[in-house]
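*Asks:* At position 69 of the sequence shown (counting the first as 1) the number is 294 in this note's numbering, and the numbers step up by one without a gap.
We put the CB at the ideal spot given by N, CA and C, even for glycine.
Let me give you the structure first, and then I'll get to my questions.
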Amino acid sequence: MGLFSFLTKEIAIDLGTANTIIIHNDKVVVDEPSIVALERSTGKIIAVGKKAMMMHGKTHENIKTIRPLRDGVIADFQAAEYMIREMIKMIGIKNTLFPPALKMVICIPSGITEVEERAVKDSAEQAGAKEIKLIHEPMAAAIGIGIDVLEPTGNMIVDIGGGTSEIAVIALGGIVNNKSIRIAGDDFNVDIEEYMRKQHNITIGERTAERIKIEVGSALTELDNPPDDYPVHGRDMLTGIPKEIKVNYSEIASCLDKSISKIEAAVLNALENTPPELSADIYRTGIYLAGGGSLLRGLDKRIHQKTKLPVHVAEDPLRAVARGTGIALKNFDKFTFLIK
Ligand SMILES: Nc1ncnc2c1ncn2[C@@H]1O[C@H](COP(=O)(O)OP(=O)(O)OP(=O)(O)O)[C@@H](O)[C@H]1O
Ligand SMILES: [Mg+2]
Numbered sequence: 226m227g228l229f230s231f232l233t234k235e236i237a238i239d240l241g242t243a244n245t246i247i248i249h250n251d252k253v254v255v256d257e258p259s260i261v262a263l264e265r266s267t268g269k270i271i272a273v274g275k276k277a278m279m280m281h282g283k284t285h286e287n288i289k290t291i292r293p294l295r296d297g298v299i300a301d302f303q304a305a306e307y308m309i310r311e312m313i314k315m316i317g318i319k320n321t322l323f324p325p326a327l328k329m330v331i332c333i334p335s336g337i338t339e340v341e342e343r344a345v346k347d348s349a350e351q352a353g354a355k356e357i358k359l360i361h362e363p364m365a366a367a368i369g370i371g372i373d374v375l376e377p378t379g380n381m382i383v384d385i386g387g388g389t390s391e392i393a394v395i396a397l398g399g400i401v402n403n404k405s406i407r408i409a410g411d412d413f414n415v416d417i418e419e420y421m422r423k424q425h426n427i428t429i430g431e432r433t434a435e436r437i438k439i440e441v442g443s444a445l446t447e448l449d450n451p452p453d454d455y456p457v458h459g460r461d462m463l464t465g466i467p468k469e470i471k472v473n474y475s476e477i478a479s480c481l482d483k484s485i486s487k488i489e490a491a492v493l494n495a496l497e498n499t500p501p502e503l504s505a506d507i508y509r510t511g512i513y514l515a516g517g518g519s520l521l522r523g524l525d526k527r528i529h530q531k532t533k534l535p536v537h538v539a540e541d542p543l544r545a546v547a548r549g550t551g552i553a554l555k556n557f558d559k560f561t562f563l564i565k
């Protein structure tokens with residue numbers, strides 16, 4: 226540890242639509258849902274992360290919950306800034322006489338516009354960052370998975386998050402081709418909400434839809450190890466009275482089919498646009514899945530059936546991008562692809 230290292234703190238942030246993860250000294254120090262709760266009358270922040278998530282969908286007039294990111298990018302600048310600031314506080318950097326200068330690496334979707342990129346930097350600066358570098362999410366995911374991204378070998382990464390699915394072919398420390406679509410875990414939840422309304426005549430909230438996805442979500446209508454049916458509670462649309470119905474994984478697989486097909490189409494499109502030498506590599510190395518969406522039952526099998534390629538799900542896929550961002554932070558000089 227350098228003499229003045231207490232004057233700078235280096236942190237890596239995966240600022241995701243669904244979850245924000247902060248890494249400091251190689252450790253995950255924050256892993257919270259990307260959400261804040263505010264008092265409407267004063268605009269004062271009352272909770273962030275898990276605490277705010279508990280209030281989501283259950284607020285009264287004077288409290289509102291905001292998810293500052295939509296589709297992988299900042300949708301509410303002020304809320305994003307609050308959220309980053311509060312989450313940095315959670316790391317527990319002591320309020321010493323000289324607050325440390327913060328050096329950050331933050332990952333961003335590869336399909337992001339310059340204006341959206343600026344918004345990420347501005348929020349981080351407002352939240353106290355002195356030096357900021359950005360890294361594209363699929364690159365961070367690849368590093369986090371343990372792929373040697375500097376090698377002259379092609380690897381395909383599919384990162385399915387809450388707001389975006391990113392498909393990228395990486396070789397020689399660069400993204401050779403990339404496809405980013407704004408269809409991911411959040412859309413699966415919307416599909417489920419809509420299905421419950423249309424098919425079972427009950428209205429459910431976003432959190433219940435998320436629960437259903439995790440308990441009985443599936444990408445295939447037939448699974449080798451099917452989960453048990455899941456009791457869902459919502460409001461009957463006809464009587465207005467709370468009601469319970471049981472859902473099974475096959476019906477959820479059918480209702481998610483359209484969105485999953487769009488992700489599949491994007492994967493096929495990315496494969497089509499891959500230069501032949503790299504295609505040959507991918508035939509061998511296969512496709513790596515990361516992001517929370519890759520935990521959907523049967524998704525790996527479905528992509529394998531569609532592409533006939535080996536499909537690997539990253540270890541701890543929810544944290545692969547954050548891990549990679551942390552490694553990039555440690556190797557500032559080696560990874561010249563970090564964006565200033
Ligand atoms: N077991 C599971 N099955 C299906 N989906 C899951 C599971 N666990 C988490 N998810 C979904 O994964 C998504 C969150 O993944 P992740 O944290 O990688 O996204 P993010 O990085 O916040 O979003 P983005 O990268 O799009 O900005 C959510 O939509 C969540 O519902
Ligand atoms: Mg992500």
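Which complete alpha helix (DSSP H) runs does the region 426-473 hold, if anything under 4 residues is left out?
*Replies:* Here the runs fully enclosed are 431-441.
*Asks:* Put K423 into one of helix, strand or coil per three-state DSSP.
*Replies:* The residue you call residue 423 lines up with position 198 of the sequence shown. In the structure shown, K423 sits in a helix (DSSP, three-state: H, G or I).
*Asks:* Anyone know if the C-beta pair for L481 and D416 falls short of 7 angstroms?
*Replies:* One-based indexing of the sequence shown puts residue 481 at position 256. One-based indexing of the sequence shown puts residue 416 at position 191. A contact, by the Cβ cut-off of 7 angstroms.
*Asks:* Is it right to say P324 is buried, meaning 16 or more other beta carbons lie within 10 angstroms of its own, or is it exposed?
*Replies:* Here residue 324 corresponds to residue number 99 of the sequence shown, with the count starting at 1. Under this definition P324 is an exposed residue.
*Asks:* Specify the secondary structure class of G410 as computed by DSSP and reduced to three states.
*Replies:* Taking the first residue of the sequence shown as 1, we reach residue 410 at position 185. The answer is helix: DSSP assigns G410 an H, G or I state.
*Asks:* Apart from the five residues just before and just after V253, which ones in its own chain have a Cβ nearer than 8 angstroms to its Cβ?
*Replies:* Counted from its first residue, the sequence shown places residue 253 at position 28. Closer than 8 angstroms at Cβ, skipping near neighbours: I246, I247, R544 and A547.
*Asks:* In angstroms, rounded to a whole number, what distance separates the CA positions of G379 and P501?
*Replies:* As a first step, residue 379 must be located in the sequence shown, where it is residue number 154. As a first step, residue 501 must be located in the sequence shown, where it is residue number 276. For G379 and P501, the distance between alpha carbons rounds to 10 angstroms.
*Asks:* Going by CA-CA distance only, name the one from H285, E306 and S259 that's closest to S266.
*Replies:* Looking up residue 266 in the sequence shown gives position 41. If we check each option's Cα against that of S266, H285 comes out closest.
*Asks:* Counting only the same chain and skipping the five closest in sequence on each side, list residues whose C-beta sits under 6 angstroms from that of E235.
*Replies:* In the sequence shown, counting from the first residue as 1, residue 235 sits at position 10. For E235, where only same-chain residues beyond five positions count, the Cβ hits under 6 angstroms are K328 and L554.
*Asks:* How many Å lie between G386 and N494 at the Cα?
*Replies:* Working through the sequence shown from its first residue, we reach residue 386 at position 161. Working through the sequence shown from its first residue, we reach residue 494 at position 269. Their backbone Cα atoms lie some 19 angstroms apart in a straight line.
*Asks:* Which stretch, first to last residue, makes up the alpha helix (DSSP H) that contains I587?
*Replies:* A question about residue 587 goes unanswered here, because the residues of the chain that appear run from 226 up to 565.
*Asks:* Cβ of N244 versus every heavy atom of ligand 1: is any distance shorter than 6 angstroms?
*Replies:* Taking the first residue of the sequence shown as 1, we reach residue 244 at position 19. Under cutoff, so the answer is yes.
*Asks:* A444 and E418: beta carbons closer than 7 angstroms?
*Replies:* Locating residue 444 in the sequence shown gives position 219, where the first residue counts as 1. Locating residue 418 in the sequence shown gives position 193, where the first residue counts as 1. No, the pair does not count as a contact, with Cβ atoms beyond the cut-off.
*Asks:* Name the DSSP beta bridge partners of S405, please?
*Replies:* The residue given as residue 405 occupies position 180 in the sequence shown. Answer is E391.
*Asks:* Can I368 and G549 be called in contact, C-beta distance under 7 angstroms?
*Replies:* As a first step, residue 368 is located in the sequence shown; it is residue number 143 there, counting from the start. As a first step, residue 549 is located in the sequence shown; it is residue number 324 there, counting from the start. Going by C-beta atoms, I368 is nearer than 7 angstroms to G549.
*Asks:* Would you give the residue range spanned by the beta strand (DSSP E) that K346 belongs to?
*Replies:* As a position in the sequence shown, residue 346 is number 121, starting the count at 1. Per DSSP, K346 belongs to no beta strand (DSSP E); it is in the alpha helix (DSSP H), E339 to Q351.
*Asks:* Tell me whether K559, by its Cβ, gets closer than 6 angstroms to a heavy atom of ligand 1.
*Replies:* Within the sequence shown, the letter at position 334 stands for residue 559. K559 Cβ: outside cutoff for every heavy atom of ligand 1.
*Asks:* On the three-pair Cβ rule with 8 angstroms, is the region 333-345 touching the region 286-299?
*Replies:* With the cut-off at 8 angstroms, the region 333-345 and the region 286-299 touch.
*Asks:* How far does the beta strand (DSSP E) with K328 in it reach, from first residue to last?
*Replies:* Walking along the sequence shown from the start, residue 328 turns up at place 103. Counting along the chain, the beta strand (DSSP E) containing K328 begins and ends at A326 to I333.
*Asks:* Can you check DSSP and say which residues form a bridge with R522?
*Replies:* By 1-based counting over the sequence shown, the position of residue 522 is 297. Its beta-bridge partners are S443.
*Asks:* Would you mind working out which of E476, T290 and E264 sits nearest P258, comparing C-alpha positions?
*Replies:* Working through the sequence shown from its first residue, we reach residue 258 at position 33. Per the Cα distances, T290.
*Asks:* Does T207 come out as helix, strand or coil in the three-state DSSP assignment?
*Replies:* Outside the shown range of the chain (226 to 565) lies residue 207, about which nothing can therefore be said.
*Asks:* Give me, in chain order, the residues of the same chain whose beta-carbon lies closer than 7 angstroms to that of P293; leave out the 5 immediate sequence neighbours on both sides.
*Replies:* Position 68 of the sequence shown, counted from the first residue, corresponds to residue 293. Hits under 7 angstroms: S259, V261, I299, A300, D301, A304, A305 and M308.
*Asks:* Cβ of I291 within 6 angstroms of any heavy atom in ligand 1?
*Replies:* Numbered from its first residue, the sequence shown carries residue 291 at position 66. No - ligand 1 has no heavy atom lying nearer than 6 angstroms to the Cβ of I291.
*Asks:* For A539, name the three-state secondary structure that DSSP assigns.
*Replies:* As a first step, residue 539 is located in the sequence shown; it is residue number 314 there, counting from the start. Three-state result, A539: coil.
*Asks:* When you compare only the Cα positions, how much space is there between H281 and I429?
*Replies:* Working through the sequence shown from its first residue, we reach residue 281 at position 56. Working through the sequence shown from its first residue, we reach residue 429 at position 204. For H281 and I429, the distance between alpha carbons rounds to 13 angstroms.
*Asks:* When you compare the region 401-417 with the region 483-497, are there three or more beta-carbon pairs, one atom per stretch, that lie closer than 8 angstroms?
*Replies:* With the cut-off at 8 angstroms, the region 401-417 and the region 483-497 touch.
*Asks:* Start and end of the alpha helix (DSSP H) containing A515?
*Replies:* On the sequence shown, residue 515 is found 290 positions in, with the first residue counted as 1. No alpha helix (DSSP H) contains A515, which is instead part of the beta strand (DSSP E) from I512 to A515.
*Asks:* Quick test of your reading: L503 and V394, contact by CB under 8 angstroms. State the CB separation rounded to the nearest angstrom.
*Replies:* Position 278 of the sequence shown, counting from 1, holds the residue named residue 503. Position 169 of the sequence shown, counting from 1, holds the residue named residue 394. Contact holds; Cβ gap of about 6 angstroms.
*Asks:* Please say whether N426 and M462 have beta carbons closer to each other than 7 angstroms?
*Replies:* For the purposes of this step, residue 462 is taken as residue 237 along the sequence shown, with counting starting at 1. For the purposes of this step, residue 426 is taken as residue 201 along the sequence shown, with counting starting at 1. Closer than 7 angstroms, so yes.
*Asks:* What distance in whole Å lies between the Cβ atoms of G551 and A237, which are believed to be in contact at a cut-off of 8 angstroms?
*Replies:* Translated into positions along the sequence shown, residue 237 becomes position 12. Translated into positions along the sequence shown, residue 551 becomes position 326. Rounded, the Cβ-Cβ distance is 4 angstroms, consistent with contact.
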